[in-house]
Amino acid sequence: MAEDIVKEQIYTIPLRGVKVAPRWKRANKAMSLIREYLERHMKATPEMIKIDKSINERVWERGCEKPPSFIRVRAAKYADGEVQAELAA
181 MAEDIVKEQI
191 YTIPLRGVKV
201 APRWKRANKA
211 MSLIREYLER
221 HMKATPEMIK
231 IDKSINERVW
241 ERGCEKPPSF
251 IRVRAAKYAD
261 GEVQAELAA
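Residue 269, in the working numbering, is where the sequence shown stops; the numbers in between run on with no holes.
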């Protein structure tokens, strides 16, 4: 990981789209939506996105059937193209 941050942004990611998935797949779908959102807005490939454990814990906090409707994420893109995302405070 390079030390040079090219872009850092806080995003509020809507997760209402998970309601169309079966109840037992909703948390997995939410994680997929977060990754897709970061791909689109940070202009990165799926392999370059690293999602912090805190985001995963927040999504799974109420179980797989009831993920949050939105989540605030701090994403930082480094000079080598790697994107690291963590839960925004």
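No residue lacks a Cβ here, since even glycine has one placed at the ideal position from N, Cα and C.
Note that the coordinates shown come from a computational prediction; the quantities given were computed from them, not determined experimentally.
Let me know the secondary structure DSSP gives residue i once reduced to three states.
{"i": "Lys223", "result": "coil"}
{"i": "Leu267", "result": "strand"}
{"i": "Glu245", "result": "coil"}
Within a Cβ cutoff of 6 angstroms, which residues of the same chain sit near residue i, ignoring the five residues on either side of it in sequence?
{"i": "Trp240", "result": "Ala207"}
Beta-carbon within less than 8 angstroms of residue i's beta-carbon, same chain only, minus the 5 sequence neighbours each way: which residues are those?
{"i": "Glu219", "result": "Thr225, Pro226, Ile229"}
{"i": "Trp160", "result": "With the chain represented from 181 up to 269, any question about residue 160 goes unanswered, as that position is not in the structure."}
{"i": "Arg238", "result": "Pro248, Ile251, Leu267"}
{"i": "Gly197", "result": "Lys209, Leu213"}
Measure from the alpha carbon of residue i to the alpha carbon of each residue in the options, then state which is nearest.
{"i": "Pro247", "options": "Asp184, His221, Ile231, Leu195", "result": "Leu195"}
{"i": "Asp232", "options": "Val186, Ala268, Glu183", "result": "Ala268"}
{"i": "Val186", "options": "Arg242, Ala210, Ala259", "result": "Ala259"}
Considering only residues of the same chain and omitting the five flanking positions on each side of residue i, which have a CB-CB separation below 7 angstroms?
{"i": "Phe250", "result": "Thr192, Ile193, Pro194, Leu195"}
{"i": "Gln189", "result": "Ala255"}
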